[in-house]
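Undergrad:
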Amino acid sequence: ETGVTQTPRHLVMGMTNKKSLKCEQHLGHNAMYWYKQSAKKPLELMFVYSLEERVENNSVPSRFSPECPNSSHLFLHLHTLQPEDSALYLCASSQESGAGTEAFFGQGTRLTVV
Amino acid sequence: AQSVTQLGSHVSVSEGALVLLRCNYSSSVPPYLFWYVQYPNQGLQLLLKYTSAATLVKGINGFEAEFKKSETSFHLTKPSAHMSDAAEYFCAVSYNQGGKLIFGQGTELSVKP
Numbered sequence: 091e092t093g094v095t096q097t098p099r100h101l102v103m104g105m106t107n108k109k110s111l112k113c114e115q116h117l118g119h120n121a122m123y124w125y126k127q128s129a130k131k132p133l134e135l136m137f138v139y140s141l142e143e144r145v146e147n148n149s150v151p152s153r154f155s156p157e158c159p160n161s162s163h164l165f166l167h168l169h170t171l172q173p174e175d176s177a178l179y180l181c182a183s184s185q186e187s188g189a190g191t192e193a194f195f196g197q198g199t200r201l202t203v204v
Numbered sequence: 279a280q281s282v283t284q285l286g287s288h289v290s291v292s293e294g295a296l297v298l299l300r301c302n303y304s305s306s307v308p309p310y311l312f313w314y315v316q317y318p319n320q321g322l323q324l325l326l327k328y329t330s331a332a333t334l335v336k337g338i339n340g341f342e343a344e345f346k347k348s349e350t351s352f353h354l355t356k357p358s359a360h361m362s363d364a365a366e367y368f369c370a371v372s373y374n375q376g377g378k379l380i381f382g383q384g385t386e387l388s389v390k391p
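Taken in order, these protein sequences are the chains called A and B. Residue numbers for the first sequence follow our numbering, so the first one is 91 and each next one is one higher. Residue numbers for the second sequence follow our numbering, so the first one is 279 and each next one is one higher.
In structure tokens:
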């Protein structure tokens, strides 16, 4: 496996369910991110992890709970979601060794909340 | 707050025609600038980036972009469109960390035969 891998690719869940999204990066990067891509809205940065420490939480509701157990893995735990949380959730990673390094994205998890 | 504006949510060109996708940013401090492409049901792939070296940046698939500080712009061009260029294109900026990106709204490019 190379790059950034996200599982599952598609997820349908009810509002009372608990599920988790998984992201794994094989690039040796030291920072990982969760982005939300909703229809007709710009991509929104949700969480930033640098060296496994959460360094940013952009006013995301507590029904989204990230976890970064090591530098290669990132999870997004979901519970009691709302229909408006349906979106494409993208994971990204980067090597923060200097300015201007780019992010590498996974293929995303398409989440539908019913 | 910093922002990125992409003029035109949808651009349609004929195969072989010039592609021009516009991007402007709002900041007094020049950021690092990126163009990403997203094909249907895929993640984002980096096309090119500007990091304060040459103002004309060449990327993959024949795309290039020019950073113009005076116009706070970073427009994406390709001399001759190909059918395979049909996708959504995102302009993004970062200021201190490459993965902390502020995105524009995206421009969907259609290519007609």
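Heads up, the beta-carbon is just placed ideally off N, CA and C, and yes, glycines get one too.
Quick one: list the residues of chain A neighbouring Q280 of chain B, beta-carbon separation under 9 Å, in chain order.
TA: Counted from its first residue, the second sequence places residue 280 of chain B at position 2. None at all; the shortest Cβ gap to chain A is about 12 Å.
Undergrad: Based on Cα-Cα distance, which residue from B:E386, B:Y373, B:S281 and B:G384 lies nearest to Y328 of chain B?
TA: Taking the first residue of the second sequence as position 1, residue 328 of chain B is located at position 50. With distances taken between Cα atoms, Y328 of chain B lies closest to B:Y373.
Undergrad: Answer with buried or exposed for V307 of chain B, where buried requires no fewer than 16 other C-beta atoms within 10 angstroms of its C-beta.
TA: Walking along the second sequence from the start, residue 307 of chain B turns up at place 29. Burial call: exposed.
Undergrad: Please classify Q284 of chain B as buried or exposed, where buried requires at least 16 other C-beta atoms within 10 Å of its C-beta.
TA: Within the second sequence, residue 284 of chain B is the residue found at index 6, counting from 1. With 16 or more Cβ atoms within 10 Å of its Cβ, Q284 of chain B is classed as buried.
Undergrad: Excluding five sequence neighbours on each side, which residues of the same chain lie with their C-beta closer than 6 Å to the C-beta of S305 of chain B?
TA: As a working note, residue 305 of chain B is residue 27 in the second sequence. Hits under 6 Å: Q280.
Undergrad: Taking the alpha carbon of P357 of chain B as the point to measure from, which residue in B:S287, B:V282, B:G286 and B:L296 has its own alpha carbon closest?
TA: Here residue 357 of chain B corresponds to residue number 79 of the second sequence, with the count starting at 1. Among B:S287, B:V282, B:G286 and B:L296, the Cα nearest to that of P357 of chain B belongs to B:L296.
Undergrad: Under 8 Å by Cβ, that's how I've got L298 of chain B and Y314 of chain B pegged, so tell me the actual separation to the nearest angstrom.
TA: Residue numbering aside, residue 298 of chain B sits at position 20 when the second sequence is read from its first letter. Residue numbering aside, residue 314 of chain B sits at position 36 when the second sequence is read from its first letter. The pair is not a contact, with the Cβ atoms about 17 Å apart (cut-off 8 Å).
Undergrad: Quick one: is T385 of chain B buried, meaning 16 or more other Cβ sit within 10 Å of its Cβ, or exposed?
TA: Stepping through the second sequence from its first residue, residue 385 of chain B is reached at position 107. Buried, by the Cβ-count rule.
Undergrad: Give the DSSP-derived three-state secondary structure of N160 of chain A in the structure shown.
TA: Counting from one through the first sequence, the residue named residue 160 of chain A turns up at place 70. Strand, per DSSP.
Undergrad: Suppose you measure from the CA of E293 of chain B to the CA of K346 of chain B; what does that come to, to the nearest Å?
TA: The residue given as residue 293 of chain B occupies position 15 in the second sequence. The residue given as residue 346 of chain B occupies position 68 in the second sequence. Looking at the two C-alpha atoms, the distance is approximately 28 Å.
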